[in-house]
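Reading through the structure tokens given below for one structure.
There are 2 protein chains.
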Amino acid sequence: MSETGPGPLLIIGGHEDKEGDRVILRELAGHIAGGKLVLATVASHAPEGYFDAYERAFQDLGVGDLVELYVHERGDTFDGMADVFADAAGVFFTGGDQLRISSQIAGTPIEQAVRDLHARGGIVAGTSAGAAVMSDTMLVKGTSRVSHRIGDLHMAPGLGLMSHAIIDQHFAERGRIGRLLGAVAQNPRVLGVGVDEDTAILVTGDSFRVIGSGAVTVVDGLGVTHSNIAEARPERTLSIHDVRLHALAAGDCYDFERRRPFGPNED
Amino acid sequence: MSETGPGPLLIIGGHEDKEGDRVILRELAGHIAGGKLVLATVASHAPEGYFDAYERAFQDLGVGDLVELYVHERGDTFDGMADVFADAAGVFFTGGDQLRISSQIAGTPIEQAVRDLHARGGIVAGTSAGAAVMSDTMLVKGTSRVSHRIGDLHMAPGLGLMSHAIIDQHFAERGRIGRLLGAVAQNPRVLGVGVDEDTAILVTGDSFRVIGSGAVTVVDGLGVTHSNIAEARPERTLSIHDVRLHALAAGDCYDFERRRPFGPNED
């Protein structure tokens, strides 16, 4: 836990390995370094069992103290609930519904505590819904396994810990390239980052490194020469020309400033 | 049916509409113009019912004569079976297994008759397996809905009617961007063309136009700056940088020579 700047973000595409090598959870635990990790199960409508599963998964990975945070009602968050973050080294948002995270904690002392934790060098991790919620604008709903229809995407303001990109998760597994292209078509300055299951990006400063078994797909719309996103009827299929795409595997890195991948050989 | 050069190719991603507007079958019927269409059900291991379904679908679309061609055994193809093509205006390969098409007819008088038909201006159409088989090298097997693993792709020689590209079908529906990236990584000169269901490309000369309700995804690897396809272990996830990607909708066109999409406004 560095005292010299904001901490890292660990953005996981869902279904991270909890029984084998646990590469991703091991990375997270390494940043916690024997300290306290807040396990925020806020995204779930039925959080029972989440904590137990993660307690087992983290058992021998060197997390000193694993503490659950759940919010039944937004109103509860104003009564000292955020104190749990005081001595925490990190927070981990588990899966469920990203709108449940944003609607329950955005603008409350809990969100502020997460920002403070991040600002003082703590790690903020999230898997699935907990990954989606990191960006300024988050994907909420959109169909999978079809090419993108123009009117078919729902976005909402996220926690804004990451302003470079829109995150999508369960990416290859749910065939989500179409909806990520749709999101990028709407604002090509914003990168689309699709994270597969059991795969994560570790964001530090202006770059990230890929961890885990799957791929991370970066969709860069800066060079787009044509799209019909603003012209066509909502049921019309998206047309978009000259997208730059990178498929990145474990060890590959990406520089947000230069908008360039860099390989494991350049680490 | 032009007498001045090779005919068009109609390459369909599978599940083309057979009951509603039938945009794709209507396009095919238009090229047949009251003449004879050979319905080649060769791809199927159990072709019963295919012909009846297409006979109904083409009923009022102006095909003069619809004739089924099925090959039970490769040996049968040498005994005058190809005569059916003599006065045909086109052939339509239906779905099933692309290896069944190539193993049963490649190098036989039937393949030669298809080439002759195409050379004299007839249309060659194919859906699903019948689409995949058109290229020089065709995709045979590869997993869907996961990011590409390097050792996970099976290709075979196709009919070679189309040398610019490798075709994949049921593209968005089966989440096949990963395996198409894998194919392009192996030889970035060859374009990857992923065709959605109820969607087709009509290839004439060096360009194609998109027809139907879904998208056509063009994956262009010419500018790729890095890939690990030849370096890594077979179970390793593919890493590939700087792919150019176009999502094309009905009316969009693509020029193989210039490797550029051109919009409906430039028709």
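Chains as they are written, first to last, in my numbering: chain H, 912 to 1178; chain C, 912 to 1178.
All C-beta atoms, glycine included, are put in the ideal place defined by N, C-alpha and C.
Residue i at chain H interface by Cβ criterion, 8 Å
{"i": "C:ARG1170", "result": "no"}
{"i": "C:ILE935", "result": "no"}
{"i": "C:HIS1137", "result": "yes"}
{"i": "C:SER1039", "result": "no"}
{"i": "C:LEU1113", "result": "no"}
{"i": "C:VAL1154", "result": "yes"}
{"i": "C:ILE923", "result": "no"}
{"i": "C:ILE1140", "result": "no"}
{"i": "C:ASP1163", "result": "yes"}
Beta-carbon contacts of residue i that lie in its chain and below 7 Å, excluding the five residues immediately before and after
{"i": "C:GLU984", "result": "none"}
{"i": "H:HIS1029", "result": "PRO917, GLY918, VAL1035 and LEU1072"}
{"i": "C:ALA1160", "result": "VAL1121 and ALA1126"}
{"i": "C:ILE1140", "result": "ILE1061, ALA1096, GLN1097 and LEU1149"}
{"i": "H:GLN1080", "result": "GLY924, GLY925, SER1039, ALA1042, ALA1043 and VAL1106"}
{"i": "H:GLU1146", "result": "ARG1060 and GLY1062"}
{"i": "H:SER1124", "result": "ASP1109 and THR1110"}
{"i": "H:VAL1051", "result": "GLN1009, LEU1010, HIS1065, MET1066 and ALA1067"}
{"i": "H:ALA1024", "result": "ALA993 and PHE996"}
{"i": "H:ASP1166", "result": "ASP1117, SER1118 and PHE1173"}
{"i": "H:GLY1053", "result": "ASP1063, LEU1064, HIS1065, ARG1090 and GLY1093"}
Rounded separation between residue i and residue j - CA only
{"i": "C:GLU966", "j": "C:LEU977", "result": "7 Å"}
{"i": "C:ARG1120", "j": "H:VAL1129", "result": "28 Å"}
{"i": "C:MET1045", "j": "C:GLY960", "result": "24 Å"}
{"i": "H:SER1039", "j": "C:GLY931", "result": "39 Å"}
{"i": "C:MET1066", "j": "C:LEU1133", "result": "20 Å"}
{"i": "H:THR988", "j": "H:ALA940", "result": "26 Å"}
{"i": "C:GLU1177", "j": "H:VAL1135", "result": "Interpretation of C:GLU1177 is limited by its pLDDT of 48, a score under 50 that renders its predicted location unreliable; the figure taken from the coordinates is listed afterwards. Computed Cα separation, rounded: 17 Å."}
{"i": "H:ARG1026", "j": "H:SER1118", "result": "19 Å"}
{"i": "H:ASP998", "j": "H:LEU948", "result": "9 Å"}
{"i": "C:GLY1086", "j": "C:SER1055", "result": "6 Å"}
{"i": "C:ARG1144", "j": "H:ASP1109", "result": "19 Å"}
{"i": "H:PHE962", "j": "H:ARG1090", "result": "31 Å"}
{"i": "C:ILE1112", "j": "C:SER1058", "result": "25 Å"}
{"i": "H:THR1115", "j": "H:PRO1172", "result": "14 Å"}
{"i": "C:ARG1170", "j": "H:VAL1104", "result": "26 Å"}
{"i": "H:ALA944", "j": "C:VAL1154", "result": "39 Å"}
{"i": "C:GLU927", "j": "H:ARG1100", "result": "36 Å"}
{"i": "C:THR1005", "j": "C:GLY1032", "result": "20 Å"}
{"i": "C:ILE1077", "j": "C:ALA1158", "result": "16 Å"}
Per-residue DSSP class, three states only, for residue i
{"i": "H:VAL934", "result": "helix"}
{"i": "H:SER1055", "result": "coil"}
{"i": "H:PRO919", "result": "coil"}
{"i": "C:PHE969", "result": "helix"}
{"i": "C:LEU1091", "result": "helix"}
{"i": "C:PRO1099", "result": "coil"}
{"i": "H:VAL1104", "result": "strand"}
{"i": "C:ASP1166", "result": "strand"}
{"i": "C:ARG1060", "result": "strand"}
{"i": "C:ILE1140", "result": "coil"}
{"i": "C:ASP1117", "result": "coil"}
{"i": "C:MET912", "result": "Low local confidence applies: a pLDDT of 44 at C:MET912 is under 50, so the model's placement there is unreliable, with the coordinate-based value given in what follows. In the structure shown, C:MET912 sits in coil (DSSP, three-state: anything other than H, G, I, E or B)."}
{"i": "H:LEU1159", "result": "strand"}
{"i": "H:ALA1000", "result": "strand"}
Residue-level contact to chain C via CB, residue i, 8 Å cutoff
{"i": "H:GLU938", "result": "no"}
{"i": "H:GLY1086", "result": "yes"}
{"i": "H:ALA1126", "result": "yes"}
{"i": "H:ALA1076", "result": "no"}
{"i": "H:ASP1117", "result": "no"}
{"i": "H:GLY1089", "result": "yes"}
{"i": "H:ILE901", "result": "This structure leaves residue 901 of chain H out entirely; chain H is present only between 912 and 1178."}
{"i": "H:ILE1122", "result": "no"}
Contact set for residue i: own chain, Cβ-Cβ below 8 Å, skip 5 residues either direction
{"i": "C:PRO1068", "result": "SER1013, ALA1017, ASP1047, THR1048 and MET1049"}
{"i": "H:MET992", "result": "LEU980, VAL982, PRO1020 and ILE1021"}
{"i": "H:HIS942", "result": "MET912, GLY918, PRO919, LEU921, ALA1000, GLY1001 and ILE1034"}
{"i": "H:LYS929", "result": "LEU936, ALA964, TYR965, ARG967 and ALA968"}
Start-to-end residues for the alpha helix (DSSP H) that takes in residue i
{"i": "C:PHE1082", "result": "Where C:PHE1082 is concerned, there is no enclosing alpha helix (DSSP H), given that its DSSP letter is neither H nor E."}
{"i": "C:GLY1041", "result": "1040–1043"}
{"i": "H:PRO1020", "result": "1020–1030"}
{"i": "H:LEU1010", "result": "1009–1016"}
For residue i, the first and last residue of its enclosing beta strand (DSSP E)
{"i": "C:VAL953", "result": "Counting along the chain, C:VAL953 falls outside any beta strand (DSSP E), and DSSP gives it neither H nor E."}
{"i": "C:ASP976", "result": "976–980"}
{"i": "H:ARG1171", "result": "1171–1173"}
{"i": "C:ASP928", "result": "First-last for C:ASP928: undefined, no H or E at that position."}
{"i": "C:ASP1131", "result": "1127–1131"}
Beta-carbon proximity list for residue i, same chain, < 6 Å, skipping 5 on both sides
{"i": "C:SER1138", "result": "ALA1096 and ILE1151"}
{"i": "C:ARG937", "result": "LEU972"}
{"i": "H:PRO958", "result": "THR952 and TYR981"}
Chain D within 8 Å of residue i, Cβ atoms only
{"i": "H:SER1058", "result": "Annotation note: the requested chain D is absent from the structure, which comprises protein chains H and C."}
Residue i CB to nearest heavy atom of the ligand SAM below 7 Å
{"i": "H:LEU1050", "result": "The ligand content of the structure shown is nil, which means the ligand SAM is not present either."}
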